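Q:
In the working numbering, the protein residues as written are -8 to 393.
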């Protein structure tokens, strides 16, 4: 009965194997026919030769000989298989070597691609380091953004030529190029999700134009929000002293800072300028309303208005009320001059007649009073330097009694 494994062996491969076995048997028979050899080395040589042939025959891999025929090449001619076992083994070794070379080439290609990807990754990482700490900006619906309770913008900031110019620039650019800053909030009102840290004018311009506003979203506490709001506005140099003063006063009233000095230190501003801004913010409402806009009040006017309030508060409020009735009729400087005019003394019950003083029958001096009681003295005689000093001392002593 024929073995199934033998039936599956190709004829050419089977013949090759049988020839190898026959060769081994022939060599063995020839050695036996040669008779005994006296030399011990010859015996050993015969045994080694016989064992070598048998070992070679036993090492033939019949499974590899069962491989399917080699497919036809590109020219349609079937590749010829080796006719001997050593040839088959050599072909197998060549095939294995070819596969190793292909695998080696593939690994080299992958290594090169890996190096290239690592270089690209390094460039991306280096670029990302340049953005370390940067906050992303997003386009938001202005209706979802509310004003801060520390808002330092008066309603008049959204009027006038400057604001219209800002709106025009934003409209031409298709939106605000310089982003505003907001922080997330809850419970700030229906539909309000963010609170403005800075950028109230840009936000209002986008709202009026129906554009989304470009905003940086950051989680800020109250003090940080206040400091960033003040710094941004001072760097832009477009905040009035009254607006700054109101902002500083609100921060102090809400306990963000314990004192004026602590506030000035945190903001990095001159304490004297802080005091002037606070003085303007504390002006009575009628005095502020006397100006066409509180933005017209200048920082250097704070000491003058404070002095007028200390010396004649009732008169200051009266004059401010009068100016408010004709608001906008005069410029800011004219309004200031009217508000800080010195108090007028009440008119005397009866006006004294001019009085003339004579020396040696000659007119020496004349004293006159006007309708409201103000006095003027005219000395007709020339005075020496000593007399001038004495006269000045008398006037100074008298003025000290007023």
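Quick reminder that beta carbons are idealized off the backbone N, C-alpha and C, glycines included. Since we're looking at a predicted model, the values are computed, not measured.
Between which residues of its own chain and residue 213 is the CB-CB distance below 7 Å, once the five residues before and five after are set aside?
A: So the list reads 247, once near-sequence residues are dropped.
Q: I want to see whether chain D comes within less than 8 Å of residue 348, judged by CB atoms only; does it?
A: The structure shown contains no chain D; it holds only a single protein chain.
Q: Which residues in the same chain have their Cβ closer than 6 Å to the Cβ of residue 162, if we skip the five residues on either side of it in sequence?
A: 200
Q: Applying the 10 Å Cβ sphere with the 16-neighbour rule, what's the burial state of residue 273?
A: exposed
Q: In the DSSP output, which residue or residues are listed as bridge partners for residue 186?
A: Paired residue(s): 137, 174.
Q: Within the segment 274 to 316, note down every full alpha helix (DSSP H) run reaching 4 residues or more, in order along the chain.
A: 276 to 280, 293 to 302, 304 to 316
Q: So, for residue 32: in the same chain, excluding its five sequence neighbours on each side, which residues have a beta-carbon less than 6 Å away from its beta-carbon?
A: Unreliable positioning characterises residue 32 in this predicted model, as indicated by a pLDDT of 48, which lies under 50. The coordinate reading is nonetheless provided below. Taken in chain order, the list of residues that qualify is empty.
Q: Does DSSP put residue 321 in a helix, a strand or coil?
A: In the displayed model, residue 321 falls within coil according to three-state DSSP, outside both helix and strand.
Q: So, at 8 Å on beta carbons, what are the nonlocal neighbours of residue 311 in its own chain, with the 5 sequence-adjacent residues on each side left out?
A: 275, 277, 278, 280, 281, 330
Q: Can you tell me whether residue 194 is buried or exposed? The criterion is at least 16 other CB atoms within 10 Å of its CB, across all chains shown.
A: Result: buried.
Q: Can you give the Cα-Cα distance for residue 347 and residue 371, rounded to whole angstroms?
A: 10 Å
Q: Are residue 210 and residue 174 touching if we call contact CB-CB under 8 Å?
A: yes
Q: At what residues does the alpha helix (DSSP H) containing residue 154 begin and finish?
A: 151 to 164
Q: Taking C-alpha atoms, which residue in 116, 207, 244 lies nearest to residue 128?
A: Checked all of 116, 207, 244; the closest Cα to residue 128 is 207.
Q: From the DSSP output, in three-state form, read off residue 130 for me.
A: strand
Q: Evaluate contact between the segment 131 to 142 and the segment 176 to 187, counting only Cβ atoms and requiring at least three cross-stretch pairs below 8 Å.
A: yes
Q: Touching or not, the segment 94 to 101 and the segment 143 to 156, by the rule of three or more beta carbon pairs under 8 Å?
A: Between the segment 94 to 101 and the segment 143 to 156 there are fewer than three C-beta pairs closer than 8 Å, too few to call the two in contact.
Q: Determine contact between the segment 284 to 299 and the segment 249 to 262, defined as no fewer than three beta-carbon pairs at a distance below 8 Å.
A: Contact fails between the segment 284 to 299 and the segment 249 to 262, because fewer than three Cβ pairs, one in each stretch, are under 8 Å apart.
Q: Just the C-alpha distance for residue 284 and residue 300, rounded to the nearest angstrom, thanks.
A: 20 Å
Q: What residue does the alpha helix (DSSP H) around residue 207 start on, and which one ends it?
A: Careful: residue 207 lies outside any alpha helix (DSSP H), inside the beta strand (DSSP E) at 204 to 208.
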